[in-house]
Amino acid sequence: MHRTGSQDNRPAEAERITRAAAELRRSHPDRFLPGVPLSTLTALRIGGPALGLAWLRNSDDAKRFLEFARVAAIPAVCLGGGSNVLADDRGFCGLVGVMADDGLEIRGDTVRVAAGMPLDRLVVESLQAGLTGLEFASGIPGSLGGALVGNAGCYGHEIGEFLREATVLRDDGRIDTVGPEAFGFAYRQTAFKESRDLILGAVLSLQRGDLAASLAERVDHLASRRAKHPVDLPCAGSWFKNLPPAEPGGRRQPAGALLEAVGAKRMRIGDAGVFAGHANIIVNLGHARSDDVLALAAQMRAAVLDRYGVRLEAEVRHLSWLAEPPWPGDPWAFRG
């Protein structure tokens, strides 16, 4: 993978990448679309175009996408549903792959599912097959692949609890099967956040429990999410991670409570504002720019730091226009 030596090389590097991507589009017009705004692919509805966009419908598509990027030394990222990510207004100086494989196969109490499967749809499909356990994920935006990488969770459960194995595309083109231990699951964190490896699919272990109770739980979770999350305003989900428990075995402290106390709900920069129903959610009020969102997040974090001495950690990832070399692996794994 091509790397630059200093900040002074960034304009020249951007020009090189742009030329390489243009040549790639000319050579493979059936694989890469030019000029697709990332605002159409991300939940915040913010972001300019990538240099090339590819739909990854199966493992072969994903392998070719990675190989094209590696050979041409072009930064590449992969998106699912586009939640938990803020794209730059200028776009992305590189290639974007969209995980479009949403296949599902149920055998007994296990579910084999492709990474592009929307998480909430997976909950529905599982319940329809009589399998329970994933109700906590009802209404959570994004895809299974991103949820696994970020160990998405809610209501005391995380997706990592249910993983039996995952199919992974390595940076060198190999496809491996790995178990839960390869992830190192922690709160909103896995080893794949710092890896260039791409999750293609997974096998989850569920159970045949009380279906009526599980359906009622799903209804409750959806109602709660509708009450606390914007219904008709673009957002990326909770902006900051919750704080560690005050004592071992305790519950995490909601970042939203601290943000509420410092008056975050009254904060707004341009068309980026804090949602009135939840102080830890930034919404796009119309034509928000990425710089507005970043400035607002910085203001929120500073207010909490000034009053409580607590430094909040962002959960939403920023996809900058030109990735710092060596290009990080985490963009492969944006939950969405």
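When the letters of the sequence shown are read in order and numbered with my numbering, they come out as residues 96 to 431.
Here a beta-carbon is modelled for each residue, glycine too, at the ideal position from N, C-alpha and C.
Which residue or residues does DSSP assign as beta-bridge partners of residue i?
| i | result |
| --- | --- |
| Gly192 | Ala149, Cys173 |
| Leu414 | Ala182 |
| Ala367 | Ile364, Asn379 |
| Glu260 | Val298 |
| Gln348 | Leu338 |
| Pro213 | Ser238 |
| Pro144 | Pro132 |
| Phe187 | Ala145 |
| Ala409 | Phe335 |
| Asp271 | Val263 |
| Thr227 | Gln302 |
| Glu200 | Arg207 |
| His252 | Cys249 |
| Gln284 | Ala281 |
| Leu293 | Leu264 |
Tell me which same chain residues have a C-beta within less than 6 Å of the C-beta of residue i, skipping the five on either side of it?
| i | result |
| --- | --- |
| Pro349 | Asn337 |
| His252 | Phe231 |
| Glu260 | Thr272, Gly274, Val298 |
| Arg406 | Leu400 |
Can you tell me which of the options puts its alpha carbon nearest to the alpha carbon of residue i?
| i | options | result |
| --- | --- | --- |
| Ala367 | Leu328, Gly130, Pro129, Gly358 | Leu328 |
| Arg402 | Ser385, Leu354, Arg384 | Leu354 |
| Ile270 | Ser154, His382, Cys330, Leu380 | Ser154 |
| Gly404 | Val219, Val357, Glu110 | Val357 |
| Ser238 | Thr113, Gln284, Glu110, Ile254 | Ile254 |
| Ala117 | Leu217, Pro129, Asp215 | Pro129 |
| Leu310 | Ala392, Leu229, Ala277 | Leu229 |
| Ala195 | Leu407, Gly241, Leu181 | Gly241 |
| Leu301 | Ala138, Val218, His413, Ala277 | Val218 |
| Asp315 | Lys360, Thr137, Arg347, Tyr250 | Tyr250 |
| Cys330 | Val388, Ala281, Arg361, Phe257 | Val388 |
| Gln394 | His382, Gly381, Arg361 | Arg361 |
| Pro213 | Pro236, Gly248, Ser221 | Pro236 |
Is the Cβ of residue i closer than 9 Å to any Cβ of chain D?
| i | result |
| --- | --- |
| His382 | You won't find chain D in this structure, because it holds only one protein chain. |
Return the Cβ separation of residue i and residue j in integer angstroms, given the expectation that the two are a contact with Cβ distance under 8 Å.
| i | j | result |
| --- | --- | --- |
| Ser333 | Ile364 | No, Ser333 and Ile364 are not in contact; Cβ-Cβ is about 19 Å, not under 8 Å. |
| Lys323 | Gly372 | 6 Å |
| Gly234 | Leu317 | 5 Å |
| Asp183 | Leu414 | 6 Å |
| Ala157 | Gly189 | With 8 Å as the limit, Ala157 and Gly189 do not qualify as a contact, their Cβ atoms being about 16 Å apart. |
Give me, in chain order, the residues of the same chain whose beta-carbon lies closer than 8 Å to that of residue i; leave out the 5 immediate sequence neighbours on both sides.
| i | result |
| --- | --- |
| Arg185 | Gly143, Trp416 |
| Arg303 | Asp204, Gly225, Leu226, Thr227 |
For residue i, which residues from the same chain have a beta carbon less than 7 Å from its beta carbon, with the 5 sequence-adjacent residues on both sides left out?
| i | result |
| --- | --- |
| Arg283 | Gly245, Asn246, Lys336, Glu410 |
| Glu200 | Arg207 |
| Arg346 | Pro340 |
Meets three-Cβ-pair contact criterion under 8 Å: the stretch 390–409 and the stretch 159–179: no
Contact the stretch 293–301 vs the stretch 201–209: 3+ CB pairs below 8 Å: Cβ pair count under 8 Å is three or more, so yes.
Stretch pair the stretch 264–272 + the stretch 150–169: three plus CB contacts closer than 8 Å: yes
Inter-stretch contact at 8 Å, needing at least 3 Cβ pairs: the stretch 121–133 / the stretch 143–157: yes
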